Structures are given as structure tokens and as C-alpha cells.
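Protein chains: 2
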Amino acid sequence: MIDRGRLERHIAELSAIGGKGTAVTRLGLSREEQRARTLVGDWLAARGARVRRDPAANLWARFDSAGSEGRSPSILLGSHLDSVPEGGRFDGALGVLCAIEAVESLMDLQAPLRRPIEVVAWADEEGARFGVGLFGSAAAFGRLAPGVAERKDRDGVSIGDALRSLGETGDPALARREPKDFAAYLELHIEQGPRLADAGRALGVVSDIVGIYHARVTLRGRADHAGATIMSARADTLAGAAEIVLAVERIARAHPDGVGTVGEIAVRPGAKNVVPGECVFSLDLRAARGHEELVRRVLAEVERIAHARGLQASVDELARVEVTPLDRGITLLLRRAVKDVGVEADLFVSGAGHDAQNAQLSGVPTGMIFVRSSGGSHTPREFASLDDAALGARALAIAVRELAA
Amino acid sequence: MIDRGRLERHIAELSAIGGKGTAVTRLGLSREEQRARTLVGDWLAARGARVRRDPAANLWARFDSAGSEGRSPSILLGSHLDSVPEGGRFDGALGVLCAIEAVESLMDLQAPLRRPIEVVAWADEEGARFGVGLFGSAAAFGRLAPGVAERKDRDGVSIGDALRSLGETGDPALARREPKDFAAYLELHIEQGPRLADAGRALGVVSDIVGIYHARVTLRGRADHAGATIMSARADTLAGAAEIVLAVERIARAHPDGVGTVGEIAVRPGAKNVVPGECVFSLDLRAARGHEELVRRVLAEVERIAHARGLQASVDELARVEVTPLDRGITLLLRRAVKDVGVEADLFVSGAGHDAQNAQLSGVPTGMIFVRSSGGSHTPREFASLDDAALGARALAIAVRELAA
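Heads up: the sequence lines are chains D and L, in that order. Under this note's numbering, residue 405 is the last one in the first sequence; the count climbs by one each step, no gaps. Under this note's numbering, residue 1405 is the last one in the second sequence; the count climbs by one each step, no gaps.
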């Protein structure tokens, strides 16, 4: 039985860490994320889990139930505890809290489980600070890009530094686990779009996750006096970036199911009376079909526009995750579980990236449940009701029970 | 006689404040600008000037020479000590240093002067931090916009706060002087463009200063998840800003002598996987002819683009300075002085704003000398040679001697 009071209390306590009103800022590898891990780890330890942090700052809690064979592959479930800057209370957090609630409800019931259960809270899923999304799961499944620990934030602090300041060794690759240790990975997450809310459904099941390309583009031109430099003599990097922003929009609009976003931008020197001599901005390109073509078209425009304006462009690829179909068997199982709690279980393509990709692409049979959010995600307006969250936790518990039986 | 060694020493000592290599960051109303004022004030006090700071943080040094009548209007000369972020060693600074050198050379010669001489270092000419350029001279000539002391920087610190932390009262309007106190204002400044360098001339004289419009534009849309929000459902403020940046470029290019620049831009929340829900950027629009038309066209485009995209636009006008013809008599005098030091004295329109505008528009007969800069301005590459600086100081001394005689 789902304990709604416990779930509600957990949501409130976790929201307070990095929270201000309904806004939450709990960046990956920050003190706030660490406090969230401590809170969640304490709850799980109190229920008898063996709790540990790994060198990528992931939190693991293992339950070897009475009937479980110590060396058999475990059922893994979880999500992440970090947020974007000024994000909300549910993106990531709800998946960890519903995983905990699912496990606690099974223990309350003293359900017989033959497999070990592991709850995981992946570190730095959003990649808001260092530009490396799905960080913790990539480390655990051996999918980190080489040298990623050297990547720095705006203040020159590297991922390795951040890990060391959290008490880790600074080498996230040491977090690696074997995919064969896991019989399945289940992740519950709020839907980042409005489809469940529009359809009036509490839950859905994910069939595929879109391909995602992340890059940081740097344009170099020349800083000049805004008053004394005639228009034809300029090498204005912001004007170049503006053309690229509009090209991203135009190309993504023309793509059947593509989206393209420039969400970060900065100019140097950054004074109103100086032509920007340098401009750095992010690229986020996604599609479930034709993803490579989308990326290729945008990069060709970056090159063309920079060349036409006499600017130097360099593109620093931060992440490229292929389109990920989730496991058919697990997906069927989740659809049955969702139907068992009384919800029509439609299939959705996820436009957002998820740690589930790293599990699935490493060979762990993986599935995802979406919970309706009435205000989108990555914003203080994101909202999943307690009713919907409890339904999600129940469906998760049903699936875990079946997988572990 | 110009003392080249002294001038060279002064340039080096002043450059060291906020300096790193050839780059200087000495923002208006900062500790660094304050240290520069103290250094310069000490030099002037050592030559017998009465030195004081006013409530707008301007530095004044008054010489009542033996022959001068205490109450007669003074000859004012100077420039500013602040820089843009990562600016250079000469923009502003050279004008103060050449003013000091001109006065010191006249005192070395014991030149007979009937009028008092005042050297001024205007505070926060660049307006890099608070967005209010020509701040100190506007305060002294009663031309500050109402409520300007409440204007805040990015960290929420107001101009009033900044002044108080420098030991002033926080009310810059108290810095007001009477225009009739001054018989003339002379300012030497590096040319911000390449015309003198291209013509192979060390000095030039300014006939007019362009009209300048400064504003901060805020676009408000909606922050959404970059993966889960289809292109047609977005209210992306950076895409709107990009259209405006390109409109500014297009309109300025079509204007006979206009320039338009977006030199600052910031998005919120500012994460690569979030559609920017808010975007703030600067506008800098200048022209010697048809300035109002240039501003009108750009603002019409801001409104049109925001409306077409479903964004809310607000335009916060920071400064609007009309086209300023400098004083004919002073300009003639400066051309003679420049010729006296052996340089063909061509006339130039200044595309940059100068404190000289506030003096001239308040009725003080005002003139300006440009010194060649080989690397533009507002950049660590800006460079005026010691030879050219010494020629400029000598021309300034000749003009002061004639005006004060």
C-alpha cells in the first residue's frame, strides 16, 4: 500500500533543499545536491538498505531481502536529485521519491522478493553547470566521454574539483558498474511536455527517447568601439550568433519531429558600447527520426554564417546520444502495471533525455513511466499532484514485484 | 616644455590600477576608479592644486595662479579615469594625464595665467556597470535623469549605494556646478576609430559629437523544456532578440552615417536545455544626422518582432543625447594649437559620446582634441604613442595658455 502521507512528507522535505517558493535550484555536484543525497540516503538506511556514494557522486541503496540471492542481478530503480537553475520540485526528484515509496510499500507488505533491489539517485543529470548531462548514469555505465573530469564551469572549477570538494576521488570513471549486475532499470519521471495533461491521463509509458546533441559554440570576431566603428568594418559575433539562433529555429521547424534550442548565451567583453568580440552559446538539437540530419544541417549553417561574416567558429561537442528505443518486454510490463492502477497506458516518445538511455544503451533492459505535469518542467510551474504521484509509485511497485518475484 | 619622462611615468602608474598586461578593467564608481582618483589627486595636490571630490565622485583640482582673479571663470580641462571591462590604457586616462601634463608644463614655465585652471577627472564616463554613461559630467552640469541614483547593477547595488561605499552622500545631484563658472572646457581623448591612423596624423580636432541613444530591452516569453516543447508552442525570447539584433544591424547599415550595436545580452534561466523565458539586451544607436529617425525605426522593429512572436517587450531608455556641435571659437583655437605643434588639423565627427557633450550642451564653450590610436578603443589593443601623447599635451598647453592669458 502506498503511504500517501509519507510520500507527501518526502516531497516537501526534499523540495526545501535549494527551494524558494515553488522554485528549486539544486545544481548537479553542488552542496545542495549533496544535502539531498544525504536526506534520501538517511531515509533508505533507516529502512535497512546498504547505502553508499560512488566516485561520480551517485547514491546507491541496496536491499537484499530475505528471499533474495545475494549474487543475482538486481532490479534497479531511481532517477536524479539535481535541477536546472530556477527549476521545479518534481523533475528528477519525483522519480527518486516514487522509487523509494514503491520499495517502502513492498517492505510494508512484506512482499516476497527473490532479487535484490537497488535504488539509485544519479548525480548531475541536468548538466546545467558543466554542460555534461546524464553525468552520473554515464559514469556508472562506462559511457563518459574521455577527459570529462577536466571540463570546467564558468568559474574555472572542473568536474574533478567539484567531486573532490564533495569528498570523492575526482575520477568519476571509477563509478563503473557492470550492466549484467542489473536485471532491469525502471525510471519514473514527470512528463516534460503537456501530452498527458492534454489527454487527461495521470500516467503514460515511454517507448523511445529522442536523440540528443549538445554543443557549445564559440564565435570569435573583434571587439570594437560601438560609436567609432562603421558597420561595414565590424566582426560582430553577436550578430553572427543571432543569425545562427534563427537558423536553428528555422531548421528545427522544418524537421518532422525536431526541436532546436539555444538556451545559454554570453558575449565578451559584454558592455553596451563595445561590439562583442566573442560570443559563446549552447546548442541543443533533438529528434526521434532523422536526428543526424538535423545536427548536420545546423552545423553546416554555423560554418556558413561564420565564414560569411569573417568570424572564427569552433564547435565543442558536449554530448551526442543516439535515439534510444526502450526495452520491449519491460515496456509491456509497465503498460500492464499502469493499467492495473486504472490508467489507460498510452506510449510516448520522450523529447527529453533521461538516465534511462545510458542503462538501455548499455544493455540493461530499461523502461520508463511518465507522470502528468500540469506546468511543463524545468520551471517553478512544474506540478505533479499527490494523486498522480501515488498512482505512479503504485504502478512502479507492481512492476518491481513482478520483476523481483 | 612637455616632460616626456613624467608623462610616460604617469601613464605607466595609472595603467597599473586595474591593469593586467595591456588590458585595464577600471569600472566607474569602483574601488579601482577610486584608487586612480587618489593617485591623480596626489600628483595634482603636490603641484599646489586644491583637490576635492564631489558627491558624484568627480575629482576636481583647482589652480589659482598668482596672476589669476579668484572669482573669474576658470579654464576647465580633463577627461575620465574609468574604463570598460577589459578595456585599454588610454581611453579617458590619456585625457586626464595630458591635461595634468599641460598644466604642469605651464607651471614649469611659470607662464603668466590670468584665469584659474581646473583639472577634472569625470566619474563613470563609460557607464559599463550601471548603464548610465557620462555620469559624472551629467551630475556636474545638472543633466542627470531623475531618479538615476536608484539605478542598480546586476547584483542589485544602486548608484547611490556605490557612491556611499566610496564615502559620498549618495546623491550625485549635489555635484552640480554653475556653467558660468567655466570660461571653456577642453578635452583630449584618443580617437576611437582608425581615421587618424589611416591618414598618418597624430592629432585631430572634433567638430561635432554624434547623437547617442542607449536603452535596455527586456523580452518576456515562457521558459520551457528544450526537449518536450515543440517549436510551434514556444515563446522563445532569445529567438526574438536574435531577430532584433539583425534588425539593428540592417537598419544601421542602411542609415547614411548610423551605427547600431547590441553589446550586452543575458538570458534567463540560462541553461542549455531550457527555452529562454526572459532575455535582456542593450541597444546603442548613434548618428550625426537623422539620429531620431534611426532610433524610431529600431524601436518600431522591437515592437513589431515582439508582437509577432507573442513576447512582451519593455524598453528602458537609459540615455538620449542629441547631436552636439562643439564651440566654433574653441574649435578654431584648438586647430591653431594643433598646427602650432606641426600637425595638419583636420576636423572629425566623433562617433563616440564624450563628457564634452554635457559641458557644451550646458553652455560652456567646449572643444576636443583627438589623439591617434593604432588599435581602436575599448580594447587592450588601443595604443597612443608617447610621441603623439606629448604632441597632444603640448597643443593643449598652448590652447590653455591662450585662453587663460
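Think of the CB as a built atom: it goes at the ideal place given N, C-alpha and C, for glycine as much as any other residue. As the structure is a computational prediction, the values presented were derived from the model and not from experiment.
CB contact below 8 Å: residue i versus chain L
{"i": "Pro269 (chain D)", "result": "yes"}
{"i": "Lys180 (chain D)", "result": "no"}
{"i": "His225 (chain D)", "result": "yes"}
{"i": "Val84 (chain D)", "result": "yes"}
{"i": "Ala162 (chain D)", "result": "no"}
{"i": "His80 (chain D)", "result": "no"}
{"i": "Val295 (chain D)", "result": "no"}
CB contact below 8 Å: residue i versus chain D
{"i": "Met1001 (chain L)", "result": "no"}
{"i": "Arg1037 (chain L)", "result": "no"}
{"i": "Gly1351 (chain L)", "result": "yes"}
{"i": "Gln1192 (chain L)", "result": "yes"}
{"i": "Lys1272 (chain L)", "result": "yes"}
{"i": "Leu1123 (chain L)", "result": "Going by the sequence as given, residue 1123 (chain L) is Ala instead of Leu. No, because no Cβ of chain D sits closer than 8 Å to the Cβ of Ala1123 (chain L)."}
{"i": "Ala1356 (chain L)", "result": "no"}
{"i": "Glu1264 (chain L)", "result": "yes"}
{"i": "Ala1145 (chain L)", "result": "no"}
{"i": "Thr1229 (chain L)", "result": "yes"}
{"i": "Val1157 (chain L)", "result": "no"}
{"i": "Val1275 (chain L)", "result": "yes"}
Residues near residue i in its chain [Cβ-Cβ closer than 8 Å; skip 5 each side]
{"i": "Val274 (chain D)", "result": "Ala223, Asp224, His225, Ala226"}
{"i": "Ser105 (chain D)", "result": "Met1, Ile2, Asp3, Ala393, Arg394, Ala397"}
{"i": "Asp1316 (chain L)", "result": "Ala1215, Arg1216, Val1217, Thr1218"}
{"i": "Ala254 (chain D)", "result": "none"}
{"i": "Gly127 (chain D)", "result": "Gly28, Gly133, Leu134, Phe135, His214, Leu318, Ala319"}
Coil, strand or helix - residue i by DSSP
{"i": "Ala1139 (chain L)", "result": "helix"}
{"i": "Ile1159 (chain L)", "result": "helix"}
{"i": "Ser1083 (chain L)", "result": "coil"}
{"i": "Glu1303 (chain L)", "result": "helix"}
{"i": "Gly21 (chain D)", "result": "coil"}
{"i": "Glu1191 (chain L)", "result": "coil"}
{"i": "Val413 (chain D)", "result": "Residue numbering for chain D in the displayed model covers 1 to 405; residue 413 (chain D) lies beyond these limits and cannot be assessed."}
{"i": "Met107 (chain D)", "result": "helix"}
{"i": "Asp1183 (chain L)", "result": "Checking the sequence, you will find Ala at residue 1183 (chain L) rather than Asp. Three-state DSSP puts Ala1183 (chain L) in a strand."}
{"i": "Arg164 (chain D)", "result": "helix"}
{"i": "Met368 (chain D)", "result": "strand"}
{"i": "Leu1076 (chain L)", "result": "strand"}
{"i": "Asp208 (chain D)", "result": "strand"}
{"i": "Ser1350 (chain L)", "result": "strand"}
{"i": "Leu7 (chain D)", "result": "helix"}
{"i": "Ser314 (chain D)", "result": "strand"}
{"i": "Ala1102 (chain L)", "result": "helix"}
{"i": "Leu203 (chain D)", "result": "strand"}
{"i": "Ala235 (chain D)", "result": "strand"}
One or two residues paired with residue i in a DSSP bridge
{"i": "Gln1034 (chain L)", "result": "For Gln1034 (chain L), which the question treats as bridged, DSSP gives no partner whatsoever."}
{"i": "Val274 (chain D)", "result": "D:His225"}
{"i": "Ala61 (chain D)", "result": "D:Val51, D:Val119"}
{"i": "His214 (chain D)", "result": "D:Asp284, D:Ala319"}
{"i": "Val1259 (chain L)", "result": "L:Arg1286"}
{"i": "Val1267 (chain L)", "result": "L:Cys1279"}
{"i": "Arg1154 (chain L)", "result": "Looking at the DSSP assignment, Arg1154 (chain L) forms no beta bridge with any residue, so it has no partner."}
{"i": "Thr379 (chain D)", "result": "Beta-bridge pairing links Thr379 (chain D) to no other residue."}
{"i": "Leu219 (chain D)", "result": "D:Cys279, D:Ala313"}
{"i": "Arg1169 (chain L)", "result": "Reading the sequence as shown, one finds Thr at residue 1169 (chain L) and not Arg. Answer is none; Thr1169 (chain L) lacks a bridge partner."}
{"i": "Pro1325 (chain L)", "result": "L:Asp1208"}
Spatial neighbours of residue i in its chain, beta-carbon cut-off 7 Å, leaving aside the 5 residues before and after
{"i": "Asp1327 (chain L)", "result": "Gln1360, Pro1365, Thr1366, Gly1367"}
{"i": "Glu402 (chain D)", "result": "Leu333"}
{"i": "Phe182 (chain D)", "result": "Pro73, Ser74, Leu76, Val364"}
Beta-carbon contacts of residue i that lie in its chain and below 6 Å, excluding the five residues immediately before and after
{"i": "Ala1313 (chain L)", "result": "Leu1219, Val1302, Ala1306"}
{"i": "Phe130 (chain D)", "result": "Arg151, Asp153, Ile159"}
{"i": "Arg177 (chain D)", "result": "Ala140"}
Which of the residues in the segment 300 to 334 of chain D, read from start to end, lie with their CB under 9 Å from any CB of chain L? Going along the segment 300 to 334 of chain D in chain order, one finds Leu318 with a Cβ nearer than 9 Å to chain L.
Output needed in chain order: residues of the segment 369 to 397 of chain D with a Cβ under 8 Å from some Cβ in chain L. Against chain L - using a Cβ distance shorter than 8 Å - the residues of the segment 369 to 397 of chain D are Gly376, Ser377, His378, Thr379.
Using a Cβ cut-off of 7 Å, which residues of the segment 1277 to 1293 of chain L contact any Cβ in chain D, in chain order? The segment 1277 to 1293 of chain L vs chain D, Cβ under 7 Å: Ser1282, Asp1284, Arg1286.
Could you list the residues in the segment 16 to 35 of chain D with a C-beta less than 8 Å from some C-beta on chain L, going in chain order? Cβ contacts with chain L come from no residue of the segment 16 to 35 of chain D.
Of the residues that make up the segment 1232 to 1262 of chain L, which ones have a beta carbon closer than 9 Å to any beta carbon in chain D? The residues in question are Ser1232, Ala1233, Arg1234, Asp1236, Leu1238, Ala1239, Ala1241, Ala1242, Glu1243, Ile1244, Val1245, Leu1246, Val1248, Glu1249, Ala1252, Arg1253, His1255, Asp1257, Gly1258, Val1259, Gly1260, Thr1261, Val1262.
Where the segment 198 to 215 of chain D meets chain L: residues whose CB sits under 8 Å from a CB there: Interface annotation for the segment 198 to 215 of chain D against chain L: Val210, Ile212, His214, criterion Cβ-Cβ distance under 8 Å.
Contacting positions in the segment 1127 to 1138 of chain L - beta carbon closer than 8 Å to chain D: So the list reads Gly1127, Ala1128, Gly1131, Gly1133, given in the order they occur along the chain.
What residues from the segment 1082 to 1111 of chain L come within 9 Å of chain D, judged by C-beta to C-beta, listed N to C? Going along the segment 1082 to 1111 of chain L in chain order, one finds Val1084, Pro1085, Glu1086, Gly1087, Asp1091 with a Cβ nearer than 9 Å to chain D.
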